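Input: a single structure, listed below in structure tokens.
Residue numbers (this note's numbering), protein chains in the order written: chain A, 701 to 855; chain B, 1055 to 1160.
Listed below in structure tokens is the structure:
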């Protein structure tokens, strides 16, 4: 009786060990919430980010992560005195934390851009907006991805 | 070039905010995928998209591998003067494509 419980424990530790080993190489190649935070810090510096004025629009449930429509719009007058200088989008779990950096000016008239992106997993996306006054605004969105990008068959 | 699609108005009123929609054919290979032989397929992406209105830059975007294949970008611009809007995509392996549209501003 005693002996049986010992072997069961051994098997369990063994299985746990192999699980860790097989997961490690994958996780090493991925962006993490920490990597995203570091990438955001690089853009923002030590300034405060306020969660307002920005709309990050993408479907909450994504069937195919290979093409995900994404729109970022900012409530800004877009005048010489006050305009959106840059829009950055970051992700948590793709191989790299960056998605895109866009540069705008008063010539745009309206601070809204759309594109299509790839998502490797269910995760959180963050849009960071820098204005000409040096202020930073943000918006975030959580999405569920059922079929990840990068996994489709290569012919 | 036939591998670019641009949706832009042909005419606009002065001061009007117009939308430009662009689409370009490109695989946007991330450099993180393995091919059938098990080797990683080298990265091949468009890195930069720049739009100019009569030579003056109006929009710029830096792509990462997380931009989907056949990149689509839409943005707005104030119609200032009649002229040529040029879109330029540059990227890995010497990729460079330029496409222009003309707009009449009244």
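For glycine and all other residues, C-beta sits at the position ideal for the given N, C-alpha and C.
Quick caveat: nothing in here was measured; it's all calculated off a predicted structure.
Checklist entry - Can you pull the DSSP bridge partners for residue 1152 (chain B)? => result B:1142
Next on the checklist: Is there a C-beta anywhere in chain B that falls below 8 Å from the one on residue 761 (chain A)?
Outcome noted: It does not; no Cβ of chain B falls within 8 Å.
Checklist entry - Should the stretch 761–776 of chain A be called in touch with the stretch 829–849 of chain A, which here means at least 3 C-beta pairs below 8 Å? => result yes
Checklist entry - residue 1082 (chain B) lies in the beta strand (DSSP E); which residues open and close that run? => result It is not in any beta strand (DSSP E) - residue 1082 (chain B) carries neither H nor E in the DSSP assignment.
Checklist entry - So, does the CB of residue 725 (chain A) fall closer than 8 Å to a CB anywhere in chain B? => result With a pLDDT of only 42 at residue 725 (chain A), under the threshold of 50, the placement of this residue in the model should not be trusted, and no figure is reported.
Item to check | Span separating the alpha-carbon of residue 1065 (chain B) from that of residue 1133 (chain B) | outcome: Per the coordinates, the alpha-carbon of residue 1065 (chain B) lies some 9 Å from the alpha-carbon of residue 1133 (chain B).
Next on the checklist: My output table needs one value for residue 1098 (chain B): the three-state DSSP class, helix, strand or coil.
Outcome noted: strand
Checklist entry - Which stretch, first to last residue, makes up the beta strand (DSSP E) that contains residue 1114 (chain B)? => result 1110–1117
Checklist entry - Between which two residues does the alpha helix (DSSP H) carrying residue 802 (chain A) extend? => result No alpha helix (DSSP H) contains residue 802 (chain A), which is instead part of the beta strand (DSSP E) from 798–803.
Checklist entry - Would you report the Cα separation of residue 838 (chain A) and residue 1142 (chain B), rounded to the nearest angstrom? => result 29 Å
Item to check | Cα-Cα separation, residue 1075 (chain B) to residue 1138 (chain B) | outcome: 15 Å
Item to check | Reference residue 1178 (chain B), options B:1153, B:1158 and B:1160, closest by Cα | outcome: Because chain B spans 1055 through 1160 in this model, residue 1178 (chain B) falls outside it and cannot be assessed.
Item to check | Interface flag, residue 828 (chain A) vs chain B, CB-CB below 8 Å | outcome: no
Checklist entry - Since residue 816 (chain A) is in the beta strand (DSSP E), which residue starts that stretch and which ends it? => result 812–817
Checklist entry - Can you find a CB in chain B that lies within less than 8 Å of the CB of residue 809 (chain A)? => result yes
Checklist entry - Ordered along the chain, which non-local residues of its own chain (more than five positions away) have a Cβ less than 6 Å from that of residue 722 (chain A)? => result The predicted model places residue 722 (chain A) with a pLDDT of 44, which falls under 50 and marks its position as unreliable; any figure quoted below should be read in that light. So no residue of the chain qualifies.
Checklist entry - What residues from the stretch 1121–1151 of chain B come within 9 Å of chain A, judged by C-beta to C-beta, listed N to C? => result 1121, 1122, 1123, 1124, 1125, 1126, 1127, 1128, 1129, 1130, 1131, 1132, 1133 and 1134
Next on the checklist: I need the DSSP call for residue 807 (chain A), collapsed to helix, strand or coil.
Outcome noted: helix
Checklist entry - Just checking my contact of residue 1100 (chain B) with residue 1069 (chain B) at CB under 8 Å: how many whole Å lie between their CB atoms? => result Contact flag wrong, Cβ pair sits at about 32 Å.
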